[in-house]
Each structure stands twice: as structure tokens, then as C-alpha cells.
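Structure, as C-alpha cells:
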Amino acid sequence: MNRDVGSGSARQDGFPREEVVRLDRVTKEYPGGVAALRGVDLTIERGELVAIVGPSGSGKSTLLHIAGTLDRPSAGSVAIAGHDVAALSDRALSALRARHIGFVFQSFHLVPGISARDNVAEGLLYRGMSRARRRREAAAALERVGLGDRMGHRPHELSGGQKQRVAIARAVVGEPDLLLADEPTGALDSASGQAVLELLHDLGADGATIAVITHDTEIARQLPRQVRIRDGLVVEDTGRGAGVRGAGVRGTMAGGLL
Ligand code: ADP
Ligand code: MG
């Protein structure tokens, strides 16, 4: 594991900080001249659970896509686990993303017509595992999100909250270094949304590093660190490192970095 990434300063528990994501002066201009991000500095450390909040159109999804290497910035730099994204080919970037980053979207993005278990197994497609092993791991991930009794159900046979839990299982089955969620509760009723939030909390308590976009201030308040975006800028950040839960808990989901 690359222990040299990050500032090298020690946390109170004596472990060095590790920067899972670091954005420096990131801007993003879309064709047509929209400046979606106008110079964002943001660092997320291993084990943090961070809420990203802000009004519609403020640049939250753009920020998440760039932090997740789905998109490249117009200017500024992005590093994932200490590796400068600009130095990587598209192919190398895809490999990094598949191995190290999990995504959850508001609209679930499940594959219709296949079981919950096969949907989760898709999260391991690029890991060079046998299908049997992928299905075994998928079953364990579904147990972990409380859906052990729905493995054979197809997406249309599941409630919204259950679909999102399948999507989360798919995102974490490969134990990524970073989980990025874009309004994961946005399409859910409040009870299902709360269950999804509690699941993210549990994953965070187990050491996962999570950034979750939400426009629900009630939800954001429950998370240890809040980053507020407005007009493409970070206008408030309750503190780097503040989102690390349970000092001394090492990231159990953190495999070897790169
Ligand atoms: P949020 O997620 O906070 O609602 P977005 O990041 O989706 O905001 O969008 C930020 C701004 O960038 C908005 O003005 C939006 O219209 C614009 N935008 C987002 N995606 C694109 C795109 N693919 N092409 C052009 N403009 C875009
Ligand atoms: Mg958005």
C-alpha cells in the first residue's frame, strides 16, 4: 500500500493521513461557455463521510463526475490516491475507476431483466474473477445491505429503496477506495431514503470513504462533514478530516492502493 500519499501529517491516532481524492483549483467549462466549476479545492481523506450540498445547477454532479474520473477538468489537477489523473491514458483511467471507485446514482442504473445478484456481480466484471466467485461475492454483498432474501428478484420486482440498496451493493462489492453517490435518496420516499442513509452510515463506520451529494439539508446534517457548493465554488467546508468517523478505525474496505 502506498503510505506516502497525502500530507504525511499524523492524525491523533498516529496513522498518517491518506488523501483518497484531491482536487486543486479545478475548473470545468462546458461547450457553450457554462462554467460549472470555477476553481474548486477539495481533499477527501480515507475514511471520511462527506455530504456535498448546494442548490440545483451549482456544479455538484460535475464535481462528483470529475472526482470520480468520469470527466476531466478544463484546468486544475485531480489526484486519486496520490496519482495524477492527467498523466493517465483513458484506458488506464478506466482501469483505475473500475478498481477503485464505486458510483451510486439517483435513478439506480440497474440492468433490467437480470436478478439483483447478477446486477451486483456486474460490479466485479473487470476483476478477472470467475463467474462463480463473482456470484458468491455478490450474494455476500446483498446480505450486507439487508437483501439476502431478494437475490433472485429482478429490478422491477423491487421497491425503490431496495433497488438503491442493490445499486449500493454493486458499488461496494469490489471494495473500492471511494464511494460516490449522486442524490441517492432523491427518488425515494423519506423512510426508504433514511434506510439508504443508514446503510451509508454503516459503510462509513466500517471504514469506507464516501462522498454523497444531497439537497436534503436534514440528511446532510446527519453526516460528519459538509461541503457546500454554490455557483461552481466551495463556499463552506466544515473541515477536512472532520468527516473521519471513529478515530483509529482503519479502512477495512481499503484494499491496496493502486
Ligand atoms: P448540480 O448537480 O449541482 O445540479 P451540475 O453539475 O449538473 O449541477 O451542473 C452545473 C452547471 O453546468 C449547470 O448550469 C448545468 O446546466 C451545466 N451543465 C451540466 N452538465 C452539462 C453538459 N454536459 N453540457 C453543458 N452544460 C452542462
Ligand atoms: Mg446534479
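Note that the working numbering gives residue 23 to position 23 of the sequence shown, counting from 1, and the numbers run on in steps of one. Glycine is no exception: its CB is placed at the ideal position from the N, C-alpha and C atoms.
Distance between Pro224 and Leu142 (C-alpha atoms, nearest Å): When rounded, the distance between both Cα atoms is 26 Å.
Residue range of the beta strand (DSSP E) that includes Ala79: Ala79 -> beta strand (DSSP E) spans 75 to 80.
Cβ-based burial, Ile44 [other Cβ within 10 Å; buried from 16]: Taking all protein chains shown into account, Ile44 has 16 or more neighbouring C-beta atoms within 10 Å of its C-beta and is therefore buried.
Taking the alpha-carbon of His65 as reference, which of Ile219, Asp202, Gly186, Leu178 has the nearest alpha-carbon? Comparing Cα-Cα distances from His65 to each of Ile219, Asp202, Gly186, Leu178, the minimum goes to Leu178.
Stretch pair the region 177 to 192 + the region 96 to 116: three plus CB contacts closer than 8 Å: Touching, per the Cβ criterion.
Counting only the same chain and skipping the five closest in sequence on each side, list residues whose C-beta sits under 6 Å from that of Leu233. Counting only Cβ-Cβ distances below 6 Å, and skipping sequence neighbours, we find Arg38.
Identify whether His156 lies in helix, strand or coil by the three-state DSSP scheme. In the structure shown, His156 sits in a helix (DSSP, three-state: H, G or I).
Hey, could you find the ends of the beta strand (DSSP E) Gly113 is sitting in? That residue, Gly113, is in no beta strand (DSSP E); it is neither H nor E in DSSP.
So what does DSSP say about Ala242, is it helix, strand or coil? Of the three classes helix, strand and coil, the one that applies to Ala242 here is coil, per DSSP.
Would you call Leu158 buried or exposed, if buried means 16 or more other Cβ atoms sit within 10 Å of its Cβ? With 16 or more other Cβ atoms within 10 Å, it is buried.
Would you call the region 208 to 218 and the region 52 to 67 touching, i.e. three or more CB-CB distances under 8 Å? Yes, the region 208 to 218 is in contact with the region 52 to 67.
Three-state secondary structure (DSSP) at Leu257? Its pLDDT being 30, under 50, Leu257 is placed unreliably in this model, and the coordinates cannot settle the point.
7 Å Cβ shell around Arg170 - same chain, five flanking residues per side excluded: Asn119, Val120, Glu122, Gly123.
Three-state secondary structure (DSSP) at Gln226? Note: Gln226 maps to strand in three-state DSSP.
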